[in-house]
Amino acid sequence: MTVAINFIAFQFGWFACVLGAAHGLAWAGTGVALAIVAWHLSRANAPSAELMLILIAAGIGAVWDSGLVALGWIRYSSGALIEGTAPHWIVALWMLFATTLNVSLGWLKRSMAVAAVFGALGGPLAYFGGAKLGALELVEQGAALAALALGWAVLTPLLLQVARRYDGYRDPKGAAVGAKANHA
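In my numbering, the protein residues as written are 1 to 184.
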């Protein structure tokens, strides 16, 4: 149940951010994502560890996406607080993604090779979907998708390693999140 709720919450937040950005309501999507993050933290056994993971993911995501903007490969339709940087809603999505690393995507920690393939496929698909919904433009589509595939193939295993260190969903006895049904 925990895994399903985490997955559904992530999907809901993803759509809120992407559709909000596409329709000039980027702050609404960011607000939804932050509410999900807050709820996630309220359910963690060690909220400070989980928060550290979320903040690290936000920093990595802000730098990564700002780099893609600076290279001219991606253009966001709304939400940039500073011209030429990643918008707040995409940083909120990175935070939201981090909420899955110790819960619904925790299974990826078993194999960094599988995590790399998952990232190489899933990352570009998420951005492509966001582009189709109008939240962003893949200006140099080929270069952007290639960079996204390569970047997410590296960033997904990296973030999973960080999640191992900052696992707020591991219970004090060391059992994985799936062992407890009262968390999400």
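Using N, Cα and C, we set each Cβ at its ideal position, and we do this for glycine too.
- Restricting attention to Glu140, Ala58, Ala44, Ile8, the CA atom closest to the CA of Ala92 is found in Ala58.
- Measuring C-alpha to C-alpha distances from Trp152 to each of Ala22, Val32, Ser48, Leu68 identifies Leu68 as the nearest.
- Taking Trp64 as reference, the option from Arg165, Tyr169, Ala163, Thr156 with the minimal CA-CA separation is Thr156.
- Here Tyr76 is bridged, per DSSP, to Leu136.
- Per the C-alpha coordinates, the member of Ala22, His40, Ala21 positioned closest to Ile8 is His40.
- In the structure shown, Ser66 falls within a helical segment according to DSSP collapsed to helix, strand and coil.
- Counting the other Cβ atoms within 10 Å of the Cβ of Ser48 gives fewer than 16, which makes it exposed.
- In this structure, Thr100 sits away from Val37, with a CB-CB distance that is not shorter than 9 Å.
- For Trp27, the uninterrupted alpha helix (DSSP H) run begins and ends at 26 to 43, by DSSP.
- Apart from the 5 residues on each side of it in sequence, Gly20 sits with its Cβ closer than 7 Å to the Cβ of Ala26, Ala28, Gly29, Trp89 in its chain, given in chain order.
- For Leu121 and Ala149, the gap between their C-alpha atoms comes out near 6 Å.
- A Cβ-Cβ separation of about 28 Å leaves Ala86 out of contact with Ala113 under the 8 Å criterion.
- Taking every protein chain shown into account, the CB of Ala146 has fewer than 16 other CB atoms within 10 angstroms, so this residue is exposed.
- Around the C-beta of Val103, 16 or more other C-beta atoms lie within 10 Å, and the residue is accordingly described as buried.
- If you look at Ala143, you'll find it in the alpha helix (DSSP H) that goes 141 to 165.
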